[in-house]
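In my numbering, the protein residues as written are 2 to 164.
Down below is the structure, laid out as structure tokens.
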């Protein structure tokens with residue numbers, strides 16, 4: 002009897018460690034590529050999941066805001082002037098409820114000519130500003146954003162850092 006009690010306690014512990022609360026699939030379009038590369042928790046307790054989607058060719062940067070239950074609040078795609086095939090690789094929550102997103106794009110549909118982009122967005126996913134950083138022989142793509150000690154931001158890529 003003692004062995005069975007220990008066994009059931011063990012099963013209960015495993016179930017609590019490996020339990021899953023929910024899962025969601027968003028935006029599946031047959032024959033199209035899309036993916037999420039980053040997630041950040043916003044100051045309102047919700048989350049923004051960002052990446053890319055080929056619902057248009059060339060692909061666009063995309064973001065989805067979800068609540069703590071995984072329900073979609075909004076979904077947006079972002080077209081960046083003069084750029085194509087954009088993908089988000091990093092995001093950072095801001096104290097005002099908005100967020101920053103950064104990544105890379107191709108210039109003029111030339112996959113070998115990349116530019117990094119960094120954008121600020123409000124809590125509803127509306128663009129406050131987007132800036133691109135042209136390629137000068139460097140593979141520009143932002144894959145991390147951090148808050149700097151002076152209140153500004155530092156973004157880094159493979160061969161590039163910007164404040």
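Heads up, the beta-carbon is just placed ideally off N, CA and C, and yes, glycines get one too.
Q.
I'd like to know if the stretch 115-133 and the stretch 59-75 are in contact, where contact means that at least 3 CB-CB pairs between them fall below 8 Å.
A. Short answer: they touch.
**Q.** Residues sharing a beta bridge with residue 78, DSSP
**A.** Paired residue(s): 63.
Q: Measure the Cβ-Cβ separation of residue 133 and residue 84 and say whether it is below 8 Å.
A: Yes.
Q) Going along the chain, which residues of its own chain have a beta-carbon closer than 6 Å to the beta-carbon of residue 156, five neighbours each way excluded? A) Excluding positions up to five away in sequence, the list reads 103, 119, 143, 146, 163.
Q.
So, for residue 129: in the same chain, excluding its five sequence neighbours on each side, which residues have a beta-carbon less than 8 Å away from its beta-carbon?
A. Taken in chain order, the residues that qualify are 99, 120, 121, 122, 123.
Q) Apart from the five residues just before and just after residue 91, which ones in its own chain have a Cβ nearer than 6 Å to its Cβ? A) 39, 103, 143, 144, 145, 146.
Q.
Alpha carbons only, please: which of 86, 42, 80, 154 is nearest the one belonging to residue 131?
A. Of the candidates 86, 42, 80, 154, the one whose C-alpha sits nearest the C-alpha of residue 131 is 80.
Q: Just the C-alpha distance for residue 150 and residue 88, rounded to the nearest angstrom, thanks.
A: C-alpha separation (whole angstroms): 28 Å.
Q. Would you report the Cα separation of residue 48 and residue 70, rounded to the nearest angstrom?
A. When the Cα atoms are used, residue 48 and residue 70 turn out to be separated by approximately 10 Å.
Q: Express the C-alpha separation of residue 46 and residue 153 in angstroms, rounding to a whole number.
A: If I take the Cα positions, the gap works out to 23 Å.
Q) How many Å lie between residue 35 and residue 105 at the Cα? A) Those two C-alpha atoms are separated by around 15 Å.
Q: Taking residue 145 as part of the beta strand (DSSP E), name the residues at either end of that continuous run.
A: Taken as a continuous stretch (DSSP letters only), the beta strand (DSSP E) holding residue 145 covers 145-148.
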